[in-house]
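Protein chains in written order, with this note's numbering: chain A, 293 to 652; chain B, 403 to 760.
By construction, the Cβ of each residue, glycine as well, lies at the ideal position given by its N, Cα and C atoms.
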């Protein structure tokens, strides 16, 4: 009886100790990091930049980190791919597209001891962080450049899907253009794809045919900026520096820099200090990087650099109130002097001066 | 020198089975050679691609999950293809099935609806897919419009309807304006067969579809009628079989099965409506149908083999760092080998020297 009780108590203590080891993160000597990409790693855009981040991890912790990626994972079929990574000894898993949100959450709940990081989503768990970048900060700068440089006073924008992130990008771009050229007009085409060079190129050509001479893009392939190059017009690189695809046309590129974040998060797992967080970094956090300003007059370059510095120091917020909606009425200002994060993350309206309608 | 193909009259079942096996071995040898050229071990690749997924309970489950929609759709397509009717639009029928079934899930969301929701959703899925499939069938029988074009174009229409719904009226009001519906209630969710597993009751439907189709195609007048319509349309007409009725019937069946696959996937795997609900199952199923030689049991095997290439392909990316393109190339090689083997069983190949000078 007595010994049985002691045994039971001992067993109970062991279980407690075990669960404590599971709950409190311990420093690790070696970490295996996995990535799920929505596109091909060679898209030279979104997935390519995430892969640059993966390579940065390998360089930062030689001998301590191994990395793996699975590319072109369809969103509707991603749960299995994520679970494959979870089952093959990965300690930290980055799922790098909004559409992976529900599957990531499901797998994260099933594997509580593995850390997950989901890009651009909003559902979190004690072992699931979310992270995103304020690309609209960069779009405000390229908007100013386009507004200054346009001769036809009409600028074009190739968007992927009319989701909040893209809408916020269009608004920031147009607000930037308007700030230096109040009469400027914008034409918007949605390609309904993140990556399809043929469709993106067609959308760009349609815009150029309509007389735009500045072309911004929120799709991932170099096709739109290449179309601008072929017509002797100007454009802006998306996600990565696309200068080699359009050396004469690229004025600058908004580069997604995930490397710093990925290295920091991997270090947190190595140190045992990883916590579930929601990170939204911009130019300030070095998540959004402007590639060198080229092919433009000195005064435009100076303006762009000043705007970049002002955003970095926090002096300038692209969504500074008052912001007018398309109907000319002021949008309620829910943040401090600017729209709140929630308003930007869920943006579903165009600002005053944009004549298109958001496709519904 | 040129090739001549003369039909064989004595192709036996044994020969066909043997040819399939030979085709698989050839495909693996070609793929192994490519992997060897890339400087990797073909044996390790075979282990990761084939042996490991087949020896692990988790990946066996995943195999069934992945094969279920492909098998269901491909079995439906077999009805069409046997009758020489080309339904290329199963992807669209899948989507409309998911939309119509999903409508009920969204309508009953938040209400204490009972057990009847799920069966009714599945029924609506079948009806949606069948109706969508009947459009090209109707256009063909009434106006003689080519069904290949109309069924294919309707895929894009279906996808845009879904896209419109999840961005507009069916969007989750609490979802930060992202294009997706609310997640389905438990009463509208197809549950796993085993607690904590991923295989859901959709697999049972696929098994039933295989059985029923095997009986219909092999043992009924309707099955014979399809075969006759496909092989000898004039004879079928003389026999009094209406080609219009056949066309409508097979498109309704294949559309219905594709629609069922769609609603099963949405309610069993995805759990909500979103712009993309299929990684191209409707198109992959065409490959599956031909790999399985339009035979229900063959299709079941083929769907598992194709599922294996997907799962093995992911493992190969993770374990061996082999690119995804290799998986897709392998699927293509496999189909080519099977079709070539089929041709060699059905036809005798003769090398003929160019006869006579001019």
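Which listed residue (the options) has its alpha carbon closest to that of residue i
| i | options | result |
| --- | --- | --- |
| residue 361 of chain A | A:378, A:648 and A:434 | A:378 |
| residue 491 of chain B | B:710, B:548 and B:732 | B:548 |
| residue 677 of chain B | B:687, B:570, B:479 and B:455 | B:570 |
| residue 498 of chain B | B:728, B:525 and B:482 | B:525 |
| residue 675 of chain B | B:408, B:626 and B:508 | B:508 |
| residue 632 of chain A | A:648, A:618 and A:614 | A:614 |
| residue 370 of chain A | B:476, B:478, B:464 and B:479 | B:464 |
| residue 551 of chain A | A:425, A:319 and A:382 | A:425 |
| residue 600 of chain A | A:578, A:641 and A:358 | A:578 |
| residue 653 of chain B | B:714, B:531, B:711 and B:662 | B:531 |
| residue 658 of chain B | B:639, B:706, B:583 and B:607 | B:607 |
| residue 479 of chain B | B:661, B:679 and B:733 | B:661 |
| residue 572 of chain B | B:505, B:597 and B:430 | B:505 |
| residue 523 of chain A | A:530, A:502 and A:598 | A:502 |
| residue 730 of chain B | A:332, A:466 and A:413 | A:332 |
8 Å Cβ cutoff met for residue i and residue j
| i | j | result |
| --- | --- | --- |
| residue 595 of chain B | residue 601 of chain B | yes |
| residue 323 of chain A | residue 555 of chain A | no |
| residue 432 of chain B | residue 735 of chain B | yes |
| residue 580 of chain A | residue 574 of chain A | yes |
| residue 433 of chain A | residue 646 of chain A | no |
| residue 669 of chain B | residue 591 of chain B | yes |
| residue 337 of chain A | residue 367 of chain A | no |
| residue 476 of chain A | residue 445 of chain A | yes |
| residue 410 of chain A | residue 326 of chain A | no |
| residue 416 of chain B | residue 747 of chain B | no |
| residue 453 of chain A | residue 482 of chain A | yes |
| residue 476 of chain B | residue 617 of chain B | no |
| residue 666 of chain B | residue 598 of chain B | no |
Continuous alpha helix (DSSP H) stretch holding residue i: start and end
| i | result |
| --- | --- |
| residue 402 of chain A | 393 to 402 |
| residue 572 of chain A | From DSSP, residue 572 of chain A is part of no alpha helix (DSSP H) but of the beta strand (DSSP E) over 570 to 573. |
| residue 637 of chain B | 635 to 640 |
| residue 544 of chain A | Premise fails: residue 544 of chain A lies in the beta strand (DSSP E), 542 to 548, not in any alpha helix (DSSP H). |
| residue 457 of chain B | It is not in any alpha helix (DSSP H) - residue 457 of chain B carries neither H nor E in the DSSP assignment. |
| residue 604 of chain A | 590 to 605 |
| residue 379 of chain A | 370 to 379 |
| residue 602 of chain B | No alpha helix (DSSP H) contains residue 602 of chain B, which DSSP labels as neither H nor E. |
| residue 683 of chain B | 683 to 693 |
| residue 648 of chain B | 645 to 667 |
| residue 457 of chain A | 456 to 472 |
Supposed close pair residue i, residue j - CB separation, criterion 8 Å
| i | j | result |
| --- | --- | --- |
| residue 740 of chain B | residue 469 of chain B | No, residue 740 of chain B and residue 469 of chain B are not in contact; Cβ-Cβ is about 17 Å, not under 8 Å. |
| residue 650 of chain B | residue 543 of chain B | 6 Å |
| residue 737 of chain B | residue 686 of chain B | Between residue 686 of chain B and residue 737 of chain B the Cβ distance is about 11 Å, and since that is not below 8 Å, they are no contact. |
| residue 506 of chain A | residue 564 of chain A | About 49 Å separates the two Cβ atoms, so there is no contact after all. |
| residue 468 of chain A | residue 435 of chain A | 3 Å |
| residue 523 of chain B | residue 503 of chain B | 4 Å |
| residue 385 of chain A | residue 406 of chain A | 6 Å |
| residue 592 of chain A | residue 440 of chain A | 5 Å |
| residue 655 of chain A | residue 328 of chain A | Absent from the model: residue 655 of chain A. The displayed extent of chain A is 293 to 652, so no value can be given. |
| residue 450 of chain A | residue 511 of chain A | 6 Å |
| residue 520 of chain A | residue 545 of chain A | That belief does not hold up - the Cβ atoms of residue 520 of chain A and residue 545 of chain A are roughly 13 Å apart, past 8 Å. |
| residue 559 of chain B | residue 494 of chain B | 7 Å |
Residues of its chain near residue i, where Cβ-Cβ distance is below 6 Å and the 5 sequence neighbours each way are ignored
| i | result |
| --- | --- |
| residue 340 of chain A | 532 |
| residue 437 of chain B | 444 and 447 |
| residue 643 of chain B | 627 |
| residue 550 of chain B | 488 and 490 |
| residue 463 of chain A | 643 |
| residue 717 of chain B | 450 |
Continuous beta strand (DSSP E) stretch holding residue i: start and end
| i | result |
| --- | --- |
| residue 327 of chain A | 323 to 328 |
| residue 526 of chain A | 526 to 531 |
| residue 410 of chain A | 407 to 411 |
| residue 384 of chain A | 384 to 387 |
| residue 559 of chain A | Unbroken run through residue 559 of chain A is the alpha helix (DSSP H), 551 to 563; no beta strand (DSSP E). |
| residue 421 of chain A | 420 to 425 |
| residue 677 of chain A | It is not possible to answer for residue 677 of chain A, since the shown part of chain A is limited to 293 through 652. |
Close beta carbons around residue i, own chain, < 7 Å, minus the five adjacent residues each side
| i | result |
| --- | --- |
| residue 412 of chain B | none |
| residue 602 of chain A | 608 |
| residue 574 of chain B | 582, 583 and 584 |
| residue 294 of chain A | In this predicted model, residue 294 of chain A has a pLDDT of only 38, less than 50, meaning its place in the structure is not dependable; the value taken from the coordinates is given anyway. Correct list: empty, nothing qualifies. |
| residue 696 of chain B | 480, 483 and 484 |
Other residues of its chain near residue i: CB distance less than 8 Å, five sequence neighbours each side excluded
| i | result |
| --- | --- |
| residue 302 of chain A | With a pLDDT of 37 at residue 302 of chain A, under the threshold of 50, the modelled position of that residue is not reliable, and the figure given next carries that caveat. Counting only Cβ-Cβ distances below 8 Å, and skipping sequence neighbours, we find nothing. |
| residue 405 of chain B | 751, 752, 753 and 754 |
| residue 311 of chain A | In this prediction, residue 311 of chain A scores a pLDDT of 38, lower than 50, which makes its location untrustworthy; no coordinate-derived value is stated. |
Any non-hydrogen atom of the ligand NAP within 7 Å of residue i CB
| i | result |
| --- | --- |
| residue 373 of chain A | In terms of ligand content, the structure shown is empty, and the ligand NAP therefore cannot be addressed. |
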